[in-house]
Every structure is written in structure tokens, then in C-alpha cells.
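Residues in the sequence shown are numbered from 2 upward in steps of one, following the working numbering. Cβ coordinates follow ideal geometry from the N, Cα and C atoms, glycine included. Predicted model only: the values in this text are computed from it and were never measured. Take a look at the structure below.
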Amino acid sequence: MPSALDQRPARAAAGSPPGPPRRRTRILALPEARWALAALVLFLLALPLYLLGAPAWLWGTLFAATYATGGWEPGWEGLKALKDRTLDVDLLMVVAALGAASIGQVLDGALLIVIFATSGALEAVATTRTADSVRGLLDLAPSTATRLLPDGTEESVDAARLKAGDTILVRPGERVGGDGRVLDGASDVDQATITGEPLPVAKRAGDEVFAGTVNGTGALRVRVERDPADSVIARIVRMVEEASGTKAPTQLFIEKIEQRYSIGMVVATLAVFAVPLAFGDALQSALLRAMTFMIVASPCAVVLSTMPPLLSAIANAGRHGVLVKSAVVMERLGQIDAVALDKTGTLTEGTPRVTDIRPLPGSALTEDEVLALAASAEHPSEHPLARAVVDAAREGGLVLADAGDFTSVPGQGVTAVVAGRTVQVGSPARLLPADADPARRKMVRELEDAGRTAVAVLRDGVPVGVLGIADRLRPDAAATVAALTRLTGRAPVLLTGDNERAARHLAAEAGITDVRSGLLPQDKVTAVREGEERGRKVLVVGDGVNDAPALAAAHCGIAMGKAGSDLALETADAVVVRDELATLPAVVDLARAARRLIVQNLVVAGVFITVLVAWDLIGTLPLPLGVAGHEGSTVIVGLNGLRLLREAAWTGPARDTKNIKNIKNVENIKDAEDTA
2 MPSALDQRPA RAAAGSPPGP PRRRTRILAL PEARWALAAL VLFLLALPLY
52 LLGAPAWLWG TLFAATYATG GWEPGWEGLK ALKDRTLDVD LLMVVAALGA
102 ASIGQVLDGA LLIVIFATSG ALEAVATTRT ADSVRGLLDL APSTATRLLP
152 DGTEESVDAA RLKAGDTILV RPGERVGGDG RVLDGASDVD QATITGEPLP
202 VAKRAGDEVF AGTVNGTGAL RVRVERDPAD SVIARIVRMV EEASGTKAPT
252 QLFIEKIEQR YSIGMVVATL AVFAVPLAFG DALQSALLRA MTFMIVASPC
302 AVVLSTMPPL LSAIANAGRH GVLVKSAVVM ERLGQIDAVA LDKTGTLTEG
352 TPRVTDIRPL PGSALTEDEV LALAASAEHP SEHPLARAVV DAAREGGLVL
402 ADAGDFTSVP GQGVTAVVAG RTVQVGSPAR LLPADADPAR RKMVRELEDA
452 GRTAVAVLRD GVPVGVLGIA DRLRPDAAAT VAALTRLTGR APVLLTGDNE
502 RAARHLAAEA GITDVRSGLL PQDKVTAVRE GEERGRKVLV VGDGVNDAPA
552 LAAAHCGIAM GKAGSDLALE TADAVVVRDE LATLPAVVDL ARAARRLIVQ
602 NLVVAGVFIT VLVAWDLIGT LPLPLGVAGH EGSTVIVGLN GLRLLREAAW
652 TGPARDTKNI KNIKNVENIK DAEDTA
């Protein structure tokens, strides 16, 4: 639920000059990424030389460099793990790769090295990008604030030095410097970053305001009630960091058994070598049998059982506008059995629009005339409601008259002279008299009960119409909710910071019955954790800064990409690039298909390994036949996993040729904003 604050740095407070643009860590700044890239390049250089029969010293040197660049880091980490009396699969893969090279299978070993190096680099990139985004969240709060001294003078101070009890002045267009309560003044405050409400909220004396929210056209005197370290923005940062840090380390299925498998394979290989040797077998024969055993028992096919289906699913999802950040995320998507949806910007379009135009009886005006009158008066205003009215008039092809003597009163509305008549547009509670005609009151009440924001239109002091404005439900919202309900066996829950009446009305349109409204970011996290405590794997879908803690705390989080805040895009595990809700059930279904293929592949790999190992132990398995069987199982599981690349594997909206470009633009746009 982002506001313009998330997207347009130019709206920062005039009194709070922005600091240096936040720089995101570049991929090649990470050593893991540099080593993985070097290993991949060397492998791609060596591969054609090897296949075309070039001199062995040439491709051998390149493969050796591949082993060194891609394998030294996991090998070193594995040796350090050995020091702590643990054995991980990374070290086992390095040993298996070296073993393969020692008996002539240089290509197989190099490929294994490249796969593991690339996987480690992707994990490092994801971790670093999330950390960058969490740090950048603090940029939402202004760096300085105007503090009022007891003698009435002003001083500009570092916002971090504010204390509870200080009084600050927030001028029009500035960001609020600290969490507090309004002492004096009136204004509309855009607090979508905190609560997700799609429209600015009128603030007067006694109302609470939050640090980092954007003040409208009025000036406010605010008494600070929390130290900067305890502000809502600061707590969002802490919640994201804690959720990311305490979330159980994500591991693919095969990695969960890596310790036992690694130890078992090492012990078995040593036994296969030592036992025959102890009974008088020749050294070369015992070594050959042991190396054959290590090759056929190595988990190459098991590793490929998991990665091709997951990577194929990632590629297929990417073609259809869903950017899944890793294989681990795809695996987690296949496990979800509960869904929590944000409202504004997720289920809805995130932009208020005119939904109802109701001329009042006796006004003698048509719907178009009421809309044109309101739009002419609202045209000079920058308020989101005003923009909605003006946009509706333009979409209808209406001609707007010039407005003079324009004035705007926060929380009430605007007044202007249009064609010689005084036109007022604003809150019915302020513009319509308390003893208004019952028909007028009924019309306003009907709109508000339907979740609309009612706007009264007066001409020369006489009410002539009422407009209804609301954030529209996305066209595919109801179908998406129904599909997610079928997939998970339970209807999604709506988590929103918006008011209850608007939330329940929209939820009813979408087919959602469980509605949690008026939630702050920490409340959303609590709701997610309640679901997790009941044993559910919760998928959270959101788009704003206030959704980021819940996205981090959930089993899996998906962000809406078009208007998503930086923090939401980085914290989420996946991004819906084009904001198509219908892709949500499709990607979950694709992830479940990937899990089914993984099970099939593990069965195939297990059968091959069992047969070949038994043959090597009971009889005499020729090394070429062992290698052929090992490679055959690898090819079979690899090809089986690639089935998810087919168009038929995607059950959601058809592919658009712009998807791939849009996916790339998610990162390009953010980078451009960072360097602007």
C-alpha cells in the first residue's frame, strides 16, 4: 500500500533536505558472486574445447581453474565445519567433484562445482539486498525537524535527537519528524506507509500522527510522545530484521538429510576401500572399487532431483510475470495452506476513483453537470480525492470551466468560483447542515455504508449532488480469492490498516469473510504468527512498507511489483511484476507440481543409486558402466524436471511477450531511482 512517498523522493520535506541517495549493494561487490561468475565463465570456455577434442592441456587448465574458483570457498567452509565436527554436503560435493576428476570425469565434477557456486551466490545476493532495503527504510523519516522552544522561537534539530515531550512544527508538505499528537492546526496527512489507508487522513488537535508520514496543506504543532528509537518506523525496521533473522534457515528437502548422508557416504567409501584391502585385495583394485562406489553413490542425481523442477518452475513463472527469487522460495510456495491478503494496492488498484454520481432532487442537474461542476472547482487541488474527480471528468470527455478565488480547508474541502457561481466540494459532515433534508442524509449514508467516501457538491450554498469515491477492486480479485480457497482448503484472510466499514464492504465483493481491519504493521505480524502457531504455512501478499514485517515473518511473502515499495519488493520472496492477482494461484499450483516432480525424481535417483551400489558391493561393477548408470540417472531426473518449462504447466493467465522485459524493469526502475 505505497503512497507517493514511497515512489517520489521529490516529495520529501522542504525543511528536511535529503541525504545522499541510498546505494544498493551491487551483485559483483559480493565475493560469492564474483567467484561464481568466474567459475561459470571458465566452465563455458572449457566446455566447447572439451567436446570438440581440443588438446587436453588447454581444456584441462580451464577446468582446473573452474574447480579452484568455484570450489575453494565451499571447500574451505566445509573444512571449517569439520573443525566443529560437522560434515556438510558442500564439502562432500567438492570431494565428489575431485573424485570424478581423478578417474577422468572432469566435466561432471566441474558442472557440480558451478551449480553449487551459483547457488551460494544467489543466496548471498538475496540476503544483502534485503539488508540494504531495511537500512533504507529509515530514510522515510526526515533527518531534521523544527522544534519549538518555550519562548516561541524555532530551532532545526536532528530528528534523532527529539525526545518525548518536545513540540515540533510540521509545515505543509513536510514529513512528520516524530510519533506524537497534534496540539494545534488542521491538515490532511498521507499515512499510507504506516496504516495503508489509500487516502490522506484529516488530522486535528488530539489526533495521533506518525514519523515519516507526509503532511498536507495545513501546518501542525505536534507534541512528540515517543523517542525516535521507539517510533513506528523504527519498530518496522526492527520487526523486519528480527523476522528475517529468526525465520528458520530455509533449506531444500535434500539438504535436510545432508549431514547423515555425507557421513554415511564417507564411512561407506572408506569401508569399501579398506575391507577388501585388509583381506588381501590389490591396492589398485580396492581403490578402483572405492572410487566407483563414490561415483555411483554420490548425490549428483539426488541434487538434480530437486533443482531442475524448481528452476524450471521459476523460469515458467518468470515468463508469466512472477519473479520468484530462489528455488527455496518455490519449494515454500508449494507448501502454503493459508493466505493473508493486504487490501489497498493488492486486492484493490490503490487509486481512488469516482464510483457514484448522484444529483440531488431539485437541483435540475444531470450526472455529467454535477461531475463537471465538482471537477472545475477541484482542478487546482492536489488532494487525491480532487485528482479522482478531475480524472473522472476527463475520462468522460467533459469540458472544465476555469476556477477563480480557489481556497482549500484541510478536512473540509475546497471553494472556488466557477462561471460566476460559488462552488464548494468537500465533506458532507462539514458542508451539509445538521438539519439537512432526510433524502440527502440517506444518500450520503448509503454511499458510506457501501464503503465509499462521500463528497458533497454545493452551488451558491445549495447542495446539488453527492459523489461516491472509492478504491476499486481489481477485476480478477474475486476469481483469485476463489482459486486460492480451492488450493488451500480455506478462504484467505484480509489484513488491512483501513477502517472496518470500507474493509468489510470490499471483502464481501471479493468473497472474503475473515476481515482484520485497523491494523498497524505489528498487528499484521501478530496475525501471521497466530496462523503459524496453529501449524499453518501462511502466504502473505502485500505491497507497502507497512506490509514488509508481515512479508518477512510469513512462511512465504509475495509483493505486488508495479507500485510496491522498495522494502516490500526486497523483503518479499516473490514479486508479481504486473500486479495480476490471477497469477497467485497459478504460481502456487506450479510450485506444487514442482514438489510432485521432486518426489518422482528422488524415487528414480534412489532406485539407480541402490541398484548400482548393490552391484558394486556384491559383484564387480565396471567403472564405465557405473559412470553410465550414474549419468543416466542424472539425465533422466534432469529431463523430468524440465517438463515444467512447458507452457501447459502454467495454469494462470496466458503469457504476454512484455513479461520478461517487465521483470527486468523491476530492478532497473529501482536502480534508476537510487541513482537519480
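- Threonine 145 and valine 158 have their C-alpha atoms spaced approximately 5 Å apart.
- Residue burial is scored here from C-beta neighbours: valine 529 has at least 16 other C-beta atoms within 10 angstroms and is therefore classed as buried.
- Comparing C-alpha distances from alanine 269 to each of Thr416, Met292, Thr67 shows the shortest one belongs to Met292.
- Annotated three-state conformation of aspartate 208 is coil, per DSSP.
- In the DSSP secondary-structure assignment, valine 202 is bridged to Val190.
- The alpha carbon of valine 225 has as its nearest neighbour, out of Glu209, Leu603, Leu459, the alpha carbon of Glu209.
- Sixteen is the threshold: since fewer than 16 other Cβ atoms of the shown chains lie within 10 Å of the Cβ of lysine 443, the residue is exposed.
- Annotation: aspartate 167 to alanine 549 spans about 30 Å, alpha carbon to alpha carbon.
- With fewer than 16 other beta carbons inside 10 angstroms of its own, isoleucine 264 counts as exposed.
- Contact annotation: leucine 348 and leucine 342 have beta-carbon atoms nearer than 8 Å.
- Taking the CA atoms as reference points, leucine 603 sits about 22 Å from valine 96.
- Counting along the chain, glutamate 155 sits inside no alpha helix (DSSP H); it lies in the beta strand (DSSP E) bounded by residues 155-159.
- Around the beta carbon of alanine 629, fewer than 16 other beta carbons sit within 10 angstroms, so the residue counts as exposed.
- Beyond the five residues adjoining it in sequence on each side, asparagine 641 comes within less than 8 Å, by CB distance, of Pro309, Pro310, Leu598, Gln601, Asn602, Val605 in the same chain, given in chain order.
- By the CB criterion at 8 Å, alanine 492 and threonine 514 fall inside the cutoff.
- Taking each of Thr70, Leu386, Arg222, Leu48 in turn and checking the Cα distance to alanine 39, the smallest one comes out for Thr70.
- Shown here for leucine 474: same chain residues with a beta carbon closer than 7 Å to its own, the five before and five after excluded, namely Leu348, Thr349, Leu507, Glu510, Ala511 in chain order.
- A distance of 8 Å or more separates the beta carbons of isoleucine 559 and leucine 582.
- A distance below 6 Å between beta-carbons, with the five flanking residues on each side excluded, links leucine 221 to the following residues of its chain, in chain order: Val171, Val183, Gly186, Ser188.
- In the DSSP assignment, valine 605 forms no beta bridge with any residue.
- The continuous beta strand (DSSP E) containing phenylalanine 407 extends over residues 404-410.
- Between valine 424 and leucine 495, the gap from beta carbon to beta carbon reaches 8 Å or more.
- Contact check for alanine 575 against valine 340 fails: the beta carbons are separated by 8 Å or more.
- Approximately 5 Å separates the beta-carbon atoms of leucine 552 and threonine 572; this is inside 8 Å, confirming the contact.
- A direct Cα-Cα distance of roughly 41 Å separates alanine 212 from glutamate 370.
- The three-state reading of DSSP puts arginine 460 in strand, counting E and B together.
- Our two residues, alanine 98 and histidine 556, have alpha carbons roughly 34 Å apart in a direct line.
- For proline 360, the enclosing beta strand (DSSP E) covers residues 349-360.
- Phenylalanine 407 has its alpha-carbon roughly 7 Å from the corresponding atom of proline 381.
- Under the three-pair Cβ rule at 8 Å, the stretch 386-393 counts as touching the stretch 451-471.
- Taken in chain order, the complete beta strand (DSSP E) segments of 3 or more residues contained in the stretch 538-622 are 539-543, 557-561, 575-577.
- The continuous stretches of alpha helix (DSSP H) do not include arginine 422, which lies in the beta strand (DSSP E) extending over residues 422-427.
- When DSSP states are grouped into helix, strand and coil, leucine 474 belongs to the strand group.
- By the Cβ neighbour-count rule, serine 327 is buried, with 16 or more other Cβ atoms within 10 Å of its own.
- Bridge partners of valine 419 according to DSSP: Ala404, Arg422.
- As the crow flies, the alpha-carbon of threonine 307 is around 59 Å from that of arginine 359.
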